[in-house]
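Everything on this sheet refers to the single structure shown next.
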Amino acid sequence: MIRLDHVTKTYPKASRPSLDDVTVGIEKGEFVFFIGPSGSGKSTIIKLLLHEVTPTKGKVVVNAKDVTTMRSWRIPSFRRSIGCVFQDFRLLPNRTAYENVAFALEVIGKSKGVARRVVPEVLELVGLGGKEHRYPHELSGGEQQRVAVARAFVNRPLILLADEPTGNLDPDTSIEIMRLLDRINRTGTTVVMVTHDSNIVNQMRRRVVEIESGRIVRDQARGVYG
Amino acid sequence: MQRWKYVLTEVLTGLWRNVTMTVAMIITMAVSLTMLGASLLLYLQVNDMRDFYYDKIEVSIFLKADITQDQRSTLQNDLQNDALVQSVIYESKEQAYQRFTTQFRDAPDLVAATKPDSLPESFRVKLKDPKKVQALSDEFRSRDGISEIVDQQELLKKVFAILGALQNLALTVAAVQGIAALLLVANTIQVAAYSKRREVAVMKLVGASNWFIQMPFVLEAVFAGLIGAILAFVTLVLAKIFIIDGSLKPLTTLLTPVAWETVWLQLPILAGASAVVAAVTAWVTLRFYVRV
């Protein structure tokens, strides 16, 4: 499903690479944590998978497509197969929960009819039934992140990337979001989550890949934060 | 359908959100396009006038005061039989004086100071090809009894030089205003892209196609460009009504009239030029500067 093959990424002007000769494979339906201290390079992995940055060396393969050599006009359709959530939610403040999710459908050419059918369904799935018409500022942090998850999942992507999705949330709310991601994973979606929340990693007991100074120092099935 | 509606509302709200900038952009575009249209009209007009005047152009062969009857009749004969010449008219001293008095009737002092026999007699020669003046001049210059050969083309050249200078002036203003308009388009696009940065970020994230993200911005510029073109066209129409057919009316004998077809032709030309230029500027700004 996802494969990083001897990937090195050095940002311009950086003294040392963010990722240094990283090789890792992720199977379809897996749930993987990338952990490590700030600046260890774990967020760079998400950016590589989204083709926001290109590797300095090595190959990135996602959904059997070589992202490294992908032509730029193919990127939009490639991204439709990937959902993404972030620490800061990235919701549109002047749109309701419903409109935020529907926006993601409309801008890739889905009709309003499709949105009317699909959006309430996915909002129900993330536990926001009845709050469709609230604006982001009328929702709690956890609820905002649920909207973000709904938006990421509404296209039924094969892969869900989560970059510190619980970074702005209190522990109890974090657990709820993790339950949600776990449920999405059970539908067959591959979930890749970058975090340094040890509590969550220890509770979930899923595969853990630990990165330090751009190198993989541990890759363990059913791991803990350590 | 759905997407076009989205794009259209985006364009209109985008233009409205930044309305002062939009107005500035449209005005500079309109000024630039008016000047472009004016210089284009002038260019077409000069060509028109050239044909018109070349048709009437004459070469004046002024004769010496001491020319003999014989010399004059051989000269007239030779001119009439020359392959370059279409027609020859003889103008006597009296005829020359009459023409002079009517031409300068507004300057009675000058007329009074000129004696009837002080003007030379001449042949007015019309050529088959008005450009062959030099050949005729070379042929007859050394003949007895000729004092001077005057080519009216020289005079016309001066007139056309003035019209050409006007045209260059209009083109320069068009270019300067055009550059200002382009910078305003680029700036408007940057402001628009900044005010929609959240939407753009989400669109990129969920995989909206590039054209879909860029189209509202590009159309905003094109829309402003088209309004500018229409304003410029209206200005040209008003100029035709009030200046060319208005205050310049007495000069119709000198200037060939500007046809309505030529004025109408400006609308598609200006609209097309401004739409294309605005679109390209917007797209380049998005692609290389804002990196939307």
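If you read the sequences in order, they're chains L and Y. All residue numbers for the first sequence refer to my numbering, where the first residue is 37 and numbers rise by one. All residue numbers for the second sequence refer to my numbering, where the first residue is 6 and numbers rise by one. The beta-carbon is built from N, C-alpha and C at its ideal position, and this holds for glycine as well. Just so we're clear, the structure is a prediction, and the values are computed from it rather than from any experiment.
Original post:
Is the CB-CB distance between A237 (chain Y) and M34 (chain Y) below 9 Å?
Top reply: Translated into positions along the second sequence, residue 237 (chain Y) becomes position 232. Translated into positions along the second sequence, residue 34 (chain Y) becomes position 29. Yes, Cβ-Cβ distance for A237 (chain Y) and M34 (chain Y) is below 9 Å.
Original post:
With contact counted as at least three CB pairs below 8 Å, one residue from each stretch, are the stretch 134-143 of chain Y and the stretch 86-93 of chain Y in contact?
Top reply: yes
Original post:
Hey, does A100 (chain L) have any beta-carbon neighbour from chain Y nearer than 9 Å?
Top reply: Mapped onto the first sequence, residue 100 (chain L) falls at position 64. So, not an interface residue.
Original post:
Where do the ends of the beta strand (DSSP E) carrying Q91 (chain Y) lie?
Top reply: Within the second sequence, residue 91 (chain Y) is the residue found at index 86, counting from 1. Its beta strand (DSSP E) spans residues V90 to E96.
Original post:
So, is the C-beta of G169 (chain Y) closer than 9 Å to a C-beta in chain L?
Top reply: To locate residue 169 (chain Y), count along the second sequence from 1; it is residue 164. Not an interface residue.
Subject >> Sufficient close CB pairs (3 or more, under 8 Å) joining the stretch 33-49 of chain Y to the stretch 203-213 of chain Y >> reply: Contact fails between the stretch 33-49 of chain Y and the stretch 203-213 of chain Y, because fewer than three Cβ pairs, one in each stretch, are under 8 Å apart.
Subject >> Close Cβ partners of V260 (chain L) (< 6 Å) along its chain, the five nearest in sequence each way excluded >> reply: As a first step, residue 260 (chain L) is located in the first sequence; it is residue number 224 there, counting from the start. Closer than 6 Å at the Cβ level, and outside the excluded window around V260 (chain L), lie N238.
Original post:
Grouping DSSP H, G and I as helix and E and B as strand, with all else coil, what is I62 (chain Y)?
Top reply: One-based indexing of the second sequence puts residue 62 (chain Y) at position 57. I62 (chain Y): coil per DSSP, three-state reduction.
Original post:
Below 9 Å between beta carbons: does that hold for L46 (chain Y) and V263 (chain Y)?
Top reply: For the purposes of this step, residue 46 (chain Y) is identified with residue 41 of the second sequence, where counting begins at 1. For the purposes of this step, residue 263 (chain Y) is identified with residue 258 of the second sequence, where counting begins at 1. In this structure, V263 (chain Y) lies closer than 9 Å to L46 (chain Y) by Cβ.
Original post:
Mind checking whether K146 (chain L) and P91 (chain L) have CB atoms under 9 Å apart?
Top reply: Within the first sequence, numbered from 1, the residue matching residue 146 (chain L) stands at position 110. Within the first sequence, numbered from 1, the residue matching residue 91 (chain L) stands at position 55. Result no, Cβ atoms of K146 (chain L) and P91 (chain L) do not sit closer than 9 Å.
Original post:
Measuring from the CB of L84 (chain Y), is there a heavy atom of the ligand ZN at a distance below 8 Å?
Top reply: The ligand ZN is not part of this structure, which contains no ligands at all.
Subject >> Residues of the stretch 217-228 of chain Y with Cβ closer than 7 Å to any Cβ of chain L, in chain order >> reply: F217
**OP:** Kindly list, in the order they appear in chain Y, the residues whose Cβ is closer than 8 Å to that of A140 (chain L).
**Re:** Sequence index remark: in the first sequence, residue 140 (chain L) carries index 104 (1-based). Correct list: V207 and V211.
**OP:** Measure the alpha-carbon distance for V12 (chain Y) versus F114 (chain L) and round it to whole angstroms.
**Re:** Walking along the second sequence from the start, residue 12 (chain Y) turns up at place 7. Walking along the first sequence from the start, residue 114 (chain L) turns up at place 78. Their Cα atoms are separated by approximately 23 Å.
Subject >> Inter-residue Cα distance where the pair is R251 (chain L) and L194 (chain L) >> reply: The count along the first sequence starts at 1 and reaches residue 251 (chain L) at position 215. The count along the first sequence starts at 1 and reaches residue 194 (chain L) at position 158. Distance between the alpha carbons of R251 (chain L) and L194 (chain L) is about 27 Å.
**OP:** Can you tell me the Cβ-Cβ gap for L197 (chain L) and C120 (chain L), rounded? I've got them flagged as a contact below 8 Å.
**Re:** In the first sequence, residue 197 (chain L) corresponds to position 161, counting from 1. In the first sequence, residue 120 (chain L) corresponds to position 84, counting from 1. Correct: roughly 5 Å between the Cβ atoms.
Subject >> Contact set between the stretch 106-118 of chain L and chain Y, restricted to residues whose Cβ is under 9 Å from the partner >> reply: S108, W109, I111, P112, S113, F114, R115, R116, S117 and I118
Subject >> Minimum C-alpha distance to F222 (chain Y) - residue among Y:T290, Y:S279, Y:V24 and Y:T267 >> reply: For this step, residue 222 (chain Y) is matched to residue 217 along the second sequence. Ranking Y:T290, Y:S279, Y:V24 and Y:T267 by Cα distance to F222 (chain Y) puts Y:T290 first.
**OP:** Compare the Cα-Cα distances from T159 (chain Y) to each of Y:L241, Y:R55 and Y:T27 and report the closest residue.
**Re:** Taking the first residue of the second sequence as 1, we reach residue 159 (chain Y) at position 154. First, the amino acid is wrong: residue 159 (chain Y) is Glu here, not Thr. E159 (chain Y) has its Cα closest to that of Y:R55, out of Y:L241, Y:R55 and Y:T27.
Original post:
Going by the CB atoms, is the gap between F69 (chain L) and R242 (chain L) shorter than 9 Å?
Top reply: Translated into the one-based positions of the first sequence, residue 242 (chain L) becomes position 206. Translated into the one-based positions of the first sequence, residue 69 (chain L) becomes position 33. Yes. Within cutoff.
Original post:
Across which residues does DSSP place T44 (chain L) in a beta bridge pair?
Top reply: For this step, residue 44 (chain L) is matched to residue 8 along the first sequence. Paired residues: L:K93.
Subject >> Unbroken beta strand (DSSP E) run spanning R251 (chain L), endpoints >> reply: Locating residue 251 (chain L) in the first sequence gives position 215, where the first residue counts as 1. Start and end: R251 to Q256.
Original post:
How should S123 (chain Y) be labelled, buried or exposed, when 16 other C-beta atoms within 10 angstroms of its C-beta is the threshold for buried?
Top reply: On the second sequence, position 118 is the one that residue 123 (chain Y) refers to. Burial call: exposed.
Subject >> Given 8 Å, three or more beta-carbon pairs between the stretch 37-55 of chain L and the stretch 197-210 of chain L >> reply: no
**OP:** Take L231 (chain Y) and list the residues in its own chain whose beta-carbon comes closer than 8 Å to its own, dropping the five residues that flank it on each side.
**Re:** If you number the second sequence from 1, residue 231 (chain Y) lands on position 226. So the list reads A276, S279 and A280, once near-sequence residues are dropped.
Original post:
Does the separation of the CB atoms of P121 (chain Y) and S152 (chain Y) fall below 9 Å?
Top reply: Working through the second sequence from its first residue, we reach residue 121 (chain Y) at position 116. Working through the second sequence from its first residue, we reach residue 152 (chain Y) at position 147. No. Outside cutoff.
Original post:
Would DSSP call K83 (chain L) helix, strand or coil?
Top reply: The residue you call residue 83 (chain L) lines up with position 47 of the first sequence. Looking at K83 (chain L) - three-state DSSP - the assignment turns out to be helix.
Original post:
Which of helix, strand or coil does DSSP assign to E160 (chain L)?
Top reply: Locating residue 160 (chain L) in the first sequence gives position 124, where the first residue counts as 1. If DSSP states are grouped into helix, strand and coil, E160 (chain L) belongs with the helices.
**OP:** Reducing DSSP to helix, strand and coil, say where L194 (chain L) ends up.
**Re:** Here the question's residue 194 (chain L) lines up with position 158 in the first sequence. Reduced to three states, the DSSP call for L194 (chain L) is coil.
**OP:** Return the residues of the stretch 188-204 of chain Y that lie within a Cβ-Cβ distance of less than 9 Å from chain L, sorted by chain order.
**Re:** R203 and E204
**OP:** Let me know the secondary structure DSSP gives T73 (chain Y) once reduced to three states.
**Re:** As a first step, residue 73 (chain Y) is located in the second sequence; it is residue number 68 there, counting from the start. Looking at T73 (chain Y) - three-state DSSP - the assignment turns out to be coil, as it is neither helix nor strand.
Original post:
S279 (chain Y) lies in the beta strand (DSSP E); which residues open and close that run?
Top reply: Here residue 279 (chain Y) is taken as the residue at index 274 of the second sequence, counted from 1. Counting along the chain, S279 (chain Y) falls outside any beta strand (DSSP E), though it belongs to the alpha helix (DSSP H) covering W265 to V289.
Subject >> Selection from Y:L84, Y:T193 and Y:V268 that minimises the alpha carbon distance to L20 (chain Y) >> reply: Locating residue 20 (chain Y) in the second sequence gives position 15, counting from the first residue. With respect to the C-alpha of L20 (chain Y), the residue from Y:L84, Y:T193 and Y:V268 having the closest C-alpha is Y:T193.
Subject >> Near-chain L residues of the stretch 12-27 of chain Y - C-beta to any C-beta below 8 Å >> reply: none
**OP:** Could you tell me the distance, in whole angstroms, from the CA atom of G251 (chain Y) to the CA atom of L161 (chain Y)?
**Re:** Residue 251 (chain Y) sits at position 246 when you count from the first residue of the second sequence. Residue 161 (chain Y) sits at position 156 when you count from the first residue of the second sequence. G251 (chain Y) and L161 (chain Y) have their C-alpha atoms roughly 24 Å apart.
Original post:
What does R126 (chain L) touch in chain Y if you count any residue whose Cβ is under 9 Å from its own?
Top reply: In the first sequence, counting from the first residue as 1, residue 126 (chain L) sits at position 90. By Cβ distance, chain Y contributes R203, A206, V207 and L210.
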